[in-house]
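One structure below.
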Amino acid sequence: MSSQYIVVVGCGRLGSILASRLSSQGNSVVVIDPHENSFNNLSSDFSGFQITGDASEIEILRSAKVEQADCLLAVTDKDNINLMVTQIAKQIFQTSIVLARVFDPAREQIYRDFGIATISPTKLSADAFMANLPS
Amino acid sequence: MLLEREKTNRYSRFLRQRYQAILGYTGLIWAIAGVVILSPLLALIFYPEEIGLAWGFALPGVVLTIVGGLLWRFLAPKKTISLSLPEGSVIVVLAWLIAIAVGTIPFMLIQGLNFTQGMFESTSGWTTTGLSVVDVTQASRLILLYRSNLELAGGGGFAIVALSAISGISGAGLTSAEGRTEQLAPNVRRSAKLVLSIYSGYAVVGIVALWIAGMGWFDAVNHSFAALSTGGFSTRTDSIGYWDSPSVEAVTIVLMILGTLNFLTSYFLLQGKFKSVIRNGEVKLMALVIPLCALIIFFGIAVNLYDTLGKGIRVAIFETITALSTTGFSTVGYGDWSSLGWTILIVLMLIGGGTGATAGGIKQFRIYALYRALVWEIKRMLQPKNTVTEPDYWQGERRSFLDDSKIRTIALFIFLYFLVFFIGVIITAAYGNSLPDSLFEYASSLGTVGLSIGVTSADAPIGLLWTQIVGMFLGRLEFFTVFIGIFCLFKDLPSIFSK
Numbered sequence: 000m001s002s003q004y005i006v007v008v009g010c011g012r013l014g015s016i017l018a019s020r021l022s023s024q025g026n027s028v029v030v031i032d033p034h035e036n037s038f039n040n041l042s043s044d045f046s047g048f049q050i051t052g053d054a055s056e057i058e059i060l061r062s063a064k065v066e067q068a069d070c071l072l073a074v075t076d077k078d079n080i081n082l083m084v085t086q087i088a089k090q091i092f093q094t095s096i097v098l099a100r101v102f103d104p105a106r107e108q109i110y111r112d113f114g115i116a117t118i119s120p121t122k123l124s125a126d127a128f129m130a131n132l133p134s
Numbered sequence: 000m001l002l003e004r005e006k007t008n009r010y011s012r013f014l015r016q017r018y019q020a021i022l023g024y025t026g027l028i029w030a031i032a033g034v035v036i037l038s039p040l041l042a043l044i045f046y047p048e049e050i051g052l053a054w055g056f057a058l059p060g061v062v063l064t065i066v067g068g069l070l071w072r073f074l075a076p077k078k079t080i081s082l083s084l085p086e087g088s089v090i091v092v093l094a095w096l097i098a099i100a101v102g103t104i105p106f107m108l109i110q111g112l113n114f115t116q117g118m119f120e121s122t123s124g125w126t127t128t129g130l131s132v133v134d135v136t137q138a139s140r141l142i143l144l145y146r147s148n149l150e151l152a153g154g155g156g157f158a159i160v161a162l163s164a165i166s167g168i169s170g171a172g173l174t175s176a177e178g179r180t181e182q183l184a185p186n187v188r189r190s191a192k193l194v195l196s197i198y199s200g201y202a203v204v205g206i207v208a209l210w211i212a213g214m215g216w217f218d219a220v221n222h223s224f225a226a227l228s229t230g231g232f233s234t235r236t237d238s239i240g241y242w243d244s245p246s247v248e249a250v251t252i253v254l255m256i257l258g259t260l261n262f263l264t265s266y267f268l269l270q271g272k273f274k275s276v277i278r279n280g281e282v283k284l285m286a287l288v289i290p291l292c293a294l295i296i297f298f299g300i301a302v303n304l305y306d307t308l309g310k311g312i313r314v315a316i317f318e319t320i321t322a323l324s325t326t327g328f329s330t331v332g333y334g335d336w337s338s339l340g341w342t343i344l345i346v347l348m349l350i351g352g353g354t355g356a357t358a359g360g361i362k363q364f365r366i367y368a369l370y371r372a373l374v375w376e377i378k379r380m381l382q383p384k385n386t387v388t389e390p391d392y393w394q395g396e397r398r399s400f401l402d403d404s405k406i407r408t409i410a411l412f413i414f415l416y417f418l419v420f421f422i423g424v425i426i427t428a429a430y431g432n433s434l435p436d437s438l439f440e441y442a443s444s445l446g447t448v449g450l451s452i453g454v455t456s457a458d459a460p461i462g463l464l465w466t467q468i469v470g471m472f473l474g475r476l477e478f479f480t481v482f483i484g485i486f487c488l489f490k491d492l493p494s495i496f497s498k
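Chains A and B, in that order, are what the protein sequence lines are. Take the first sequence: its position 16, counting from 1, is numbered 15 in numbering that gives the first Met the number 0, and each next residue is one higher. Take the second sequence: its position 448, counting from 1, is numbered 447 in numbering that gives the first Met the number 0, and each next residue is one higher.
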């Protein structure tokens, strides 16, 4: 796999794992989080850049060079922020691959209307529960 | 009891696995160091008459390359693994110790130095100090070029940079162990490649510029390498003073500044992002310190000592920059300077160059950060108790804030620096040198500068040379790495070999 430029928004439990793994695979990774302490979640595999700031502000996204990114992952724990960031990336920066995490399945339709691919942990775990039930 | 043994067994199995990887990676660095030792042989194309000396380089170089290569081939893990800071430190310490030790051999075989002198010269080369016990008028071209190549390689942290470029080790453990914390790109490998290309680009431009300025090709190559790596080995006894030419001095000054500039700042400079360059703390500090010290040296010393005004100005600027950048070229002797000039040079040597560059010393960033912290402290006392302050500084394009833990690390480092400095001065003075001589010479060793006022020579006492060797080594690797690396080795070795 060739090296990609990936921006990860949110450095909590999920964001830090994603960023660390992507970085150790040799990708260029920039991770954004408003709290500097969150970067402690990153493993020692991580060798990318860290940006402290609110990703819903366009200046922060600019400083992360989103316009050059191949891929943006919005994985904060706030659905609305994820939606907003991915929308900005898609509309203004024309990022080709944009993925958002969304907790509330009811909102997935809105994302779909904007053309943003989503991953919903709620739905994934619901599916997993269902699959393990005796039919 | 059984459980206990099971636990230690598992731990030593784990350690053995890690150390196998560490040895594998170290092997690659050894192989690269071997190639560096072989590299002067390229000059045989131009100077075939020195073929008789080739064996002195070929023997240690080939052996080290093969041993390193085999370790790399058989021990390095196939999958990329990430290294922690302690593991990086172990690699760095092992790699440097062996590179220095094997680098000693050509000096002993060809130049006829004894073990201590060879060790001194090799350490001085790898750590880009530039103090020398070799009589350059009696040295072959191969040896001279060999010394310059050592500096070029040691200055760039070549081996380590190359290691991350080739092997694709992930994680920042290794780079930060060698004192290269800031990255140019959000990816270790790309960062390392960028550093390599900037550095070699500078070297080539430097050679051509020095040749245009009036040096011969051989001298141009040597001085470009030595200036850029802020090393300071010269091919002449009088160093840059031999040419006594403004254009040679100007080119050397530019190369020394480029060498002492953080690679990240260099990168922004090349990209034309001047805003990021100007707001960098180190650049600000240099912009203040260089003119100020040059003025003091000019009015305090040069104006009375040298016949022409032009010569005075040149000396003031050149000597300031050679000391601050920790290069150690000189255009004049310092024997006839007053104490004022010596003090200024000692202070400059203690401050040293930029972080993440090829320079040594305390580093400009630490001085700048402490200055900011001091101002911050005073401001906080003047303002109401609950005022929110944010003492920020720029690192490249990233705005960072000073906090207590950063200030603590920096303050401890500077304490350690002065501790080692004064121990070194005491030992130097104990060998019968005067206090100014001891201060000057040890500041020069510990800051990997290489300016000398005559304490360092081939017939210096063995103990004194070893004191300087230790100083150069600690100064280059910034204490903590050496301590952590050695501590880890001693802590882990018993459990690795326990059954």
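Glycine included, C-beta positions come from ideal geometry on N, C-alpha and C.
Cβ-Cβ separation, T115/B to I426/B (assumed contact under 8 Å), whole Å: Their Cβ separation, rounded to whole angstroms, is 15 Å, which puts I426/B and T115/B out of contact at 8 Å.
From the DSSP secondary-structure annotation, give me the bridge partner or partners of R146/B. Beta bridge pairing from DSSP links R146/B with no other residue.
Going by the beta-carbon positions, is the gap between Y367/B and E477/B smaller than 8 Å? Between Y367/B and E477/B, the C-beta gap is not smaller than 8 Å, which leaves the two residues out of contact.
Inter-residue Cα distance where the pair is V204/B and Q86/A: V204/B and Q86/A: Cα-Cα distance of roughly 46 Å.
Would you mind working out which of V314/B, L323/B and L287/B sits nearest L257/B, comparing C-alpha positions? Considering only V314/B, L323/B and L287/B, the residue with the shortest C-alpha distance to L257/B is L323/B.
Is the distance from the Cβ of E349/B to the Cβ of A410/B below 8 Å? It is Leu, not Glu, that sits at residue 349/B in the sequence shown. No. Outside cutoff.
Distance, A73/A Cα to L142/A Cα: Outside the displayed span of chain A (0 to 134) sits residue 142/A, for which this structure offers no information.
With a cut-off of 8 Å, does the C-beta of V28/A fall near any C-beta of chain B? For V28/A, the answer is yes, since a Cβ of chain B falls inside 8 Å of its Cβ.
Closest residue to G332/B among V314/B, I345/B and L339/B (Cα-Cα distance): When only C-alpha atoms are compared, the closest one is V314/B.
Any chain A beta carbon closer than 8 Å to S233/B: S233/B does not count as touching chain A.
I want to verify the contact list: residues of chain A whose CB lies under 8 Å from the CB of R9/B, in sequence order. Those within 8 Å of R9/B in chain A number zero; the least Cβ separation is about 21 Å.
So what's L263/B in DSSP terms, helix, strand or just coil? In this structure, L263/B counts as helix in the three-state DSSP scheme.
With burial defined as no fewer than 16 other Cβ atoms inside 10 Å of the residue's Cβ, what is the status of H222/B: buried or exposed? By the neighbour-count criterion, in which 16 or more other beta carbons inside 10 Å mark a residue as buried, H222/B falls on the buried side.
Quick one: what does DSSP say A54/A is sitting in, helix, strand or coil? Here A54/A sits in coil by DSSP.
Assign Q137/B to one of three DSSP states: helix, strand, or coil. Helix.
Could you say if the region 28-37 of chain B and the region 62-74 of chain B meet the contact criterion of at least three C-beta pairs nearer than 8 Å? These segments touch.
Residue range of the beta strand (DSSP E) that includes Q108/A: DSSP places Q108/A outside any beta strand (DSSP E); the residue lies instead in the alpha helix (DSSP H), whose first and last residues are E107 to F113.
Determine the closest residue to G87/B out of F479/B, L492/B and S494/B, with distance taken between C-alpha atoms. The residue with the shortest Cα to Cα distance from G87/B is F479/B.
So, helix, strand or coil for W393/B, using DSSP? For W393/B, the secondary structure class from DSSP, reduced to helix, strand or coil, is strand.
Give the C-beta separation of I295/B and I345/B to the nearest angstrom, bearing in mind that I take them to be a contact with Cβ-Cβ under 8 Å. Not a contact, Cβ separation roughly 13 Å.
Collapsed DSSP secondary structure at R278/B in the structure displayed: Looking at R278/B - three-state DSSP - the assignment turns out to be coil, as it is neither helix nor strand.
Do the region 77-86 of chain B and the region 34-44 of chain A touch if we need at least three Cβ pairs shorter than 8 Å? Yes: at least three Cβ pairs fall under 8 Å.
Helix, strand or coil for D32/A, going by three-state DSSP, please let me know. Looking at D32/A - three-state DSSP - the assignment turns out to be strand.
Can you give me the C-alpha to C-alpha distance between E376/B and K405/B, rounded to a whole angstrom? One C-alpha to the other measures close to 14 Å.
Output needed in chain order: residues of the region 181-205 of chain B with a Cβ under 9 Å from some Cβ in chain A. Look at the region 181-205 of chain B: the residues with a C-beta under 9 Å from a C-beta of chain A are Q182, A184, P185, N186, V187, R188, R189 and S190.
Taking buried to mean at least 16 other C-beta atoms within 10 Å of its own C-beta, is Q108/A buried or exposed? Label assigned to Q108/A: exposed.
Does DSSP classify L58/B as helix, strand or coil? Under the three-state reduction of DSSP, L58/B is assigned to helix.
For chain B, is any of its Cβ atoms less than 8 Å away from the one on S124/A? False, the Cβ-Cβ gap to chain B never drops below 8 Å.
Against S2/A, what residues of chain B qualify as contacts under a CB-to-CB distance less than 7 Å, listed in chain order? The contacting residues are N186.
Is G129/B near G231/B, with beta carbons less than 8 Å apart? Yes.
Report the CB separation of L151/B from F217/B in whole angstroms; it is logged as a contact under 8 Å. Rounded to the nearest angstrom, the Cβ distance from L151/B to F217/B is 15 Å, too far for a contact under 8 Å.
What in chain B is Cβ-close to G47/A, meaning under 7 Å? P185 and N186, listed in chain order.
Nearest residue (CA-CA) to P104/A, options G47/A, D78/A and D32/A: It is D78/A.
Relative to the alpha-carbon of R398/B, which residue among P105/B, S275/B and A219/B has its alpha-carbon at the smallest distance? Closest option to R398/B, judged by alpha-carbon separation, among P105/B, S275/B and A219/B: S275/B.
With a threshold of 8 Å between beta carbons, is S119/A in contact with chain B? Chain B, which has no Cβ nearer than 8 Å to the Cβ of S119/A, makes this no.
Report the residue from E318/B, S139/B and S244/B whose alpha carbon sits nearest the alpha carbon of W336/B. Looking at the Cα atoms, E318/B is the closest of the given residues.
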